[in-house]
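One structure is given here, and the rest of the page talks about it.
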Amino acid sequence: MRGGVETARGGEESPRRGTDDARGKEDGTRAGGKAARGRDETADERADRQWQDLMQEIRVVQTGVQILLGFLLTVVFTPRYESLGSADKAIYILTVVLGSLATGALIGPVSFHRLVAGRRIKPAAVTWASRLTFIGILLLVATLTSALILILRVATDNAIVPWLVAGVLTWYLLCWFALPLWARSRHTARRRE
């Protein structure tokens, strides 16, 4: 900045912006289209960054879900499947359906992006992809829990299965939801002070 004039991108000089820069507009941007949330980025730049972050997260979880589903789909073709009781077969079917739904939800953001690419709606696409990802994670918790119930019913004494599953489910909920929500509320409160 020189003598009350800011240098914009490309070396052009523009008059210094007014008080909107300090307070931020109601729509969450500053004068010139810059975001008011602590980063110097436009809404489109923020959407691009958020999309990249989301795709990295999805890559991690998609691989695990696809491997799990692939394994589950082969179980029905093993000789052991025929010896399962009707309750275990029902749990197996539920697990496969949940795994399929989780896979669909976690692949959904990629399809969503392909179908809306170039339409200039990336901020909305990020919102919808984030929702699909969260639904996929919830379905993944259900899939893993159901698969654990089935495996433990076949491998151990039925009396301890509920306790083991409850312990593992509690661990999932703690790691995937409780801890992040606690950190979010704690650090968000600190920023407000």
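In short: position in the sequence shown from 1, add 2, done, that's the numbering used here. We put the beta carbon where it would ideally sit given N, CA and C, even for glycine. Given the structure is predicted, the values throughout are model-derived calculations rather than measurements.
Continuous alpha helix (DSSP H) stretch holding residue i: start and end
i, result
"L74", "45 to 77"
"R90", "Here residue 90 turns out to be Asp, not Arg, going by the sequence shown. That run of the alpha helix (DSSP H) goes 88 to 118."
"R82", "81 to 84"
"F136", "124 to 157"
"A168", "163 to 175"
Cβ-Cβ distance between residue i and residue j below 8 Å
i, j, result
"V63", "I139", "yes"
"L56", "P111", "yes"
"V167", "L152", "no"
"V143", "Y94", "no"
"S148", "T65", "no"
"V128", "W53", "yes"
"V156", "D90", "yes"
"T145", "L75", "no"
Other residues of its chain near residue i: CB distance less than 7 Å, five sequence neighbours each side excluded
i, result
"L141", "L100, L103, A104, A107"
Residues near residue i in its chain [Cβ-Cβ closer than 6 Å; skip 5 each side]
i, result
"R188", "none"
"A119", "none"
8 Å Cβ shell around residue i - same chain, five flanking residues per side excluded
i, result
"D50", "K124"
"Q68", "T105"
"H115", "W53, A127, A131"
Exercise. Would you check if the segment 116 to 135 and the segment 69 to 85 touch, i.e. whether three or more CB-CB distances between them fall below 8 Å?
Key: no
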